[in-house]
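Participant:
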Amino acid sequence: MVRGVSFSLDAGDRLAIVGPNGAGKTTLLRCLYRGVSPLEGRVEVDGQDIWRLSARQVARRVAVVLQEMPGDFPFTVRDVVMMGRVPWREGLAGWSDEDRAEAEHALDHLDLLPLATRQFSTLSGGEKQRVLVARALAQKPEILILDEPTNHLDIRHQLEILDLLGALNLTIITTLHDINLAAEFATHIALMQGGRMNEFGPPEAVLTEQALSGTFGVLAARQQAEGARSHRFSFSLALT
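Numbering (full-length UniProt numbering), first residue to last: 1 to 240.
1. The beta strand (DSSP E) spanning THR171 covers which residue range?
2. Can you tell me the Cα-Cα spacing of LEU112 and LEU164, whole angstroms?
3. Could you tell me which residues DSSP pairs with VAL64 in its beta bridges?
4. Restricting to Cα atoms, I'd like to know which of PHE216, GLN193, ALA211 and PHE200 is closest to VAL2.
5. Comparing alpha-carbon positions, which option in VAL77, THR171 and GLY166 lies nearest THR122?
6. Tell me the DSSP bridge mates of ARG14?
7. Using a Cβ-Cβ cut-off of 7 Å (strictly less than) and excluding sequence neighbours within five positions of ASP13, which residues of its own chain qualify?
8. Quick one: using the 10 Å Cβ neighbour count with 16 as the cut-off for buried, is VAL64 buried or exposed?
9. Please state the DSSP three-state secondary structure of GLN48.
10. Under 8 Å, do ILE145 and LEU28 count as touching if we go by C-beta distance?
11. Can you list the beta strand (DSSP E) stretches of 3 or more residues lying completely in the region 155-204, in chain order?
12. Pull up the distance between the alpha-carbon of GLU44 and that of ALA205, whole angstroms please.
13. Within 10 Å of its beta-carbon, does residue 244 have 16 or more other beta-carbons around it, so buried, or fewer, so exposed?
14. Which residue's Cα is closest to the Cα of GLY22: THR215, ALA106, THR174 and LEU237?
15. Can you tell me the Cβ-Cβ gap for residue 253 and ALA106, rounded? I've got them flagged as a contact below 8 Å.
16. Specify, as a first and last residue, the run of the beta strand (DSSP E) that HIS231 falls within.
17. Under the three-state reduction of DSSP, which class applies to GLN119: helix, strand or coil?
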């Protein structure tokens, strides 16, 4: 259950939702992409309630990349990316030239053309994540929502996927477990605990030692690393 959450983002903002397990991060995401209907309140895109729009209208504005990654998808990389064009497909018509062009552009943008004919199931975790982001890009959305896009990735692939996302000209909303990655990536942080949003704002204002210690039940220490774009945090268990 998520309660009392209210925030707004401008085009091009990048929001990282952070908090302990069970804080309501994924539930909030599901409300934002119409995965679950809020009992109260509204979710608006450009002033329009998403529950008053058709599923196709929402899919043309909002693309989603979830944690659940099908491991044995019997499709090629190009097939998976083409699926992002479904919201733009008219009836039972085949793929248009525009659909194919957008899919190829997404493949090229994420350096996936060399893998286009590979079976999705044969890819590494990092490669699969890039393919799913390419599928989302092929939708031509205004907003990209991701649930733990760095989950199960090694350090290099975590940095690569966030660097890739940061270069996109999209509004991005994502959940992240790693506070340091969130501080580096996001323009805004939502700090959640117990189904509520404790803090919302720029990383330097939200990610304080006091706020992180209180939210996660640990001792948080913040340092400014030389050459880093943001502060770095270290954590230790509080002595009782």
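Yeah, the Cβ is synthetic: ideal placement off N, Cα and C, and Gly gets one too.
Facilitator: Taking the coordinates as given:
1. 171-175 is the extent of the beta strand (DSSP E) around THR171.
2. C-alpha separation (whole angstroms): 13 Å.
3. According to DSSP, VAL64 bridges with ILE145.
4. Of the candidates PHE216, GLN193, ALA211 and PHE200, the residue whose Cα lies closest to the Cα of VAL2 is GLN193.
5. Selected option, being the one with the closest Cα: VAL77.
6. Residue pairing for ARG14: DSSP places it in a beta bridge opposite ILE172.
7. Taking ASP13 as the centre and dropping the five residues before and after it, the same chain places the C-beta of THR171, THR187 and HIS188 closer than 7 Å to its C-beta, in chain order.
8. VAL64 should be labelled buried.
9. The three-state secondary structure of GLN48, taken from DSSP, is strand.
10. In this structure, ILE145 lies away from LEU28, with their beta-carbon atoms at least 8 Å apart.
11. Residue ranges of uninterrupted beta strand (DSSP E) with 3 or more members, entirely inside the region 155-204 and ordered along the chain, are 171-175, 188-193 and 196-201.
12. Rounded to the nearest angstrom, the two C-alpha atoms are 25 Å apart.
13. Residue numbering for the chain in the displayed model covers 1 to 240; residue 244 lies beyond these limits and cannot be assessed.
14. Considering only alpha carbons, the answer is THR215.
15. The structure shown does not extend to residue 253, since the chain is modelled only from 1 to 240, so the question has no answer here.
16. DSSP places HIS231 inside the beta strand (DSSP E), whose first and last residues are 231-237.
17. Three-state result, GLN119: strand.
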